[in-house]
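*Asks:*
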Amino acid sequence: VLGATGDRDAVVDLYNPWVDDYKNGRGTLAYGGSWNLFDQIIVSKGFIEDDMKGWMFYKEARTFDAQMLVQEGTYKGGPFRSYAWNNYIGGYSDHLPVMVYLVRPVK
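For what it's worth, our numbering labels the leading residue of the sequence shown as 101, then goes sequentially.
1) Just verifying my parser: in three-state terms, what is the DSSP assignment at Asn181?
2) Rounded to a whole number of angstroms, what is the C-alpha to C-alpha distance between Tyr201 and Ala184?
3) By the DSSP assignment, the beta strand (DSSP E) with Tyr175 in it spans what residues?
4) When we look at the beta-carbon of Asn187 and count the other beta-carbons within 10 Å, is it buried (16 or more) or exposed?
5) Kindly identify the DSSP beta-bridge partner or partners of Leu202.
6) So, under 8 Å CB-CB, Leu102 and Tyr122 are touching, yes? Tell me the CB distance rounded to an integer number of Å.
7) Between the beta-carbon of Ala161 and the beta-carbon of Ile141, is there less than 8 Å?
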């Protein structure tokens with residue numbers, strides 16, 4: 101829909117740094133035993149041009165999967181949810197957070 105590409109060298113307008121993660125079976129939420137990639141940050145071409153004029157996308161995007169955010173046991177590695185059915189289980193979310201690194205030159 102957006103026309104974003106995962107190939108940094110072929111960007112026309114938008115870059116999706118999560119394409120390779122998705123192709124490798126990683127995602128931000130787990131359902132039915134498989135990962136889905138619902139949460140993404142799409143970067144415009146201006147952030148990946150190396151002109152050093154302002155903020156730039158730096159190397160990678162990450163799914164933040166700190167130990168406190170993921171489950172143990174049967175659903176090991178999946179997001180530690182707040183609720184399972186109607187029961188509060190003490191987790192944070194059913195989605196893992198996503199982040200990108202932005203840098204800018206120091207003047």
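Using N, Cα and C, we set each Cβ at its ideal position, and we do this for glycine too.
*Replies:* Taking the definition as stated:
1) With the sequence shown as reference, residue 181 is identified as Arg, and Asn is not the correct amino acid for it. The answer is coil: DSSP assigns Arg181 none of H, G, I, E or B.
2) 32 Å
3) It is not in any beta strand (DSSP E) - Tyr175 carries neither H nor E in the DSSP assignment.
4) exposed
5) Phe157
6) Incorrect: roughly 14 Å between the Cβ atoms, too far for contact.
7) yes
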